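>
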Amino acid sequence: MSEGIVTRTNQERRQRGLTALIPEERLRRIACAHSRDMLRRDFMRHKNPDGELPGDRVAKHHRRLIGGAGENLWSRTGRMAIHPEALADTIITQWMESPPHRKNILRRSFSHLGVCTMRKDDRILGTQVFAQVRAYLETSLPRTAPAGGNLVAPIGQTFPPDATIAKYNFWDPRHEVSVTPPRLFADTLQLPDT
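Following the working numbering, the numbering of the sequence shown begins with 2 at its first residue and continues without gaps.
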C-alpha cells in the first residue's frame, strides 16, 4: 500500500507539472517510527507527546540531510475489507481534499518522500514524510561532539545536482542566526553542553 501512495502522490504532482518526489528509505523509516509511536502511545498528531515535530524527527534520525521537512497523517478505525491499491487511492483522495495535506503533496520545494502504512488491530495509519533536500552530508553528523573538538561535515550530493549552497545558518546560544558564506570552516561552532 505504501508504494501505491508514493505512486499516486507522484501522479498528482505530474498532473500539475511538478517533478516527482524521490522515494527515500531513511524518510520511510522515520514515517514508520512515527506511525509505530502513534499506535503504541495512542495519539494522532504531528507533535508527539515528547514535543517533537516532523522536522525534529527528521533532524534527529536523518543525520546527513540538509533541508526542511513536512508530514501528512491519515487514520481510520474499523473493519476494512478493501484492496491495498484502492485504500491508497482513498488516502490520496482524502489528502487532496484537505487543503493542508494537498499543500504538502503539491509543494514545489519538496523533493523526497518516505511513506509508511501500519495496522494494529482495527486501526490503520498512513504517514508521509516529505523533505526539501538541499544537500546530503558525505557522512552522518555525530549525535554528540566533545567540547573544544573539531567537527568536519563535508557536503556531498546537492539537489539539484548543479546547486550551489549559498549560505549556512548556525544558531548561537542567544538564538540569533549567524549566516556565513560557503567555505572551509575554520570558525568555532559552539554546541550546547547537554
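Even for Gly, the Cβ is constructed at its ideal location relative to N, Cα and C.
Given the structure is predicted, the values throughout are model-derived calculations rather than measurements.
Go through its chain and collect everything with a Cβ distance to R77's Cβ below 7 Å, but skip five positions before and after it.
These residues qualify, in order along the chain: I125.
> Do the CB positions of A136 and L28 come within less than 8 Å of each other?
no
> Answer yes if the stretch 95–110 comes into contact with the stretch 39–57, meaning at least three C-beta pairs across the two stretches below 8 Å, and no otherwise.
no
> Pick helix, strand or coil for G127, following the three-state DSSP scheme.
strand
> By DSSP, does E98 sit in helix, in strand, or in coil?
Three-state DSSP puts E98 in coil, outside helix and strand.
> Quick check on the DSSP output: what are the complete alpha helix (DSSP H) runs of length 4 or more inside the stretch 48–79, in order along the chain?
55–62
> Would you call the CB atoms of M119 and S36 closer than 8 Å?
Cβ atoms of M119 and S36: closer than 8 Å.
> Near P174, which residues of its chain fall below 6 Å by C-beta distance, leaving aside the five closest residues on each side in sequence?
Unreliable placement is indicated for P174, whose pLDDT of 44 sits below 50; no coordinate value is reported for it.
> Look up V116 in the DSSP assignment and say whether it is helix, strand or coil.
Reduced to three states, the DSSP call for V116 is strand.
> For the pair the stretch 16–35 and the stretch 51–65, tell me if three or more CB-CB distances fall below 8 Å.
Taking 8 Å as the limit for Cβ pairs, the verdict is that the stretch 51–65 does touch the stretch 16–35.
> Mapping DSSP to helix, strand and coil, what is R135?
strand
> Helix, strand or coil for P85? Go by DSSP, reduced to three states.
Helix at P85.
> DSSP on G157, reduced to helix/strand/coil?
strand
> Where I156 and E139 are concerned, what is the direct C-alpha to C-alpha distance, given to the nearest angstrom?
For I156 and E139, the distance between alpha carbons rounds to 6 Å.
> How many angstroms separate the CA atom of D1 from the CA atom of N11?
Any answer about residue 1 is impossible in this case: the structure gives the chain only from 2 up to 195.
> One question on the structure: do V116 and E72 come within less than 8 Å of each other, judged by their Cβ atoms?
no
> Quick check on R80: buried or exposed, where buried means 16 or more other Cβ atoms within 10 Å of its Cβ?
exposed
> My assumption, with CB atoms under 8 Å, is that H113 sits in contact with L74. Please give the rounded CB distance.
Actually they do not touch by this definition, with Cβ atoms about 18 Å apart.
> Apart from the five residues on each side of it in sequence, which residues of its chain come closer than 7 Å, Cβ to Cβ, to P55?
H47, A70, G71, E72, V130
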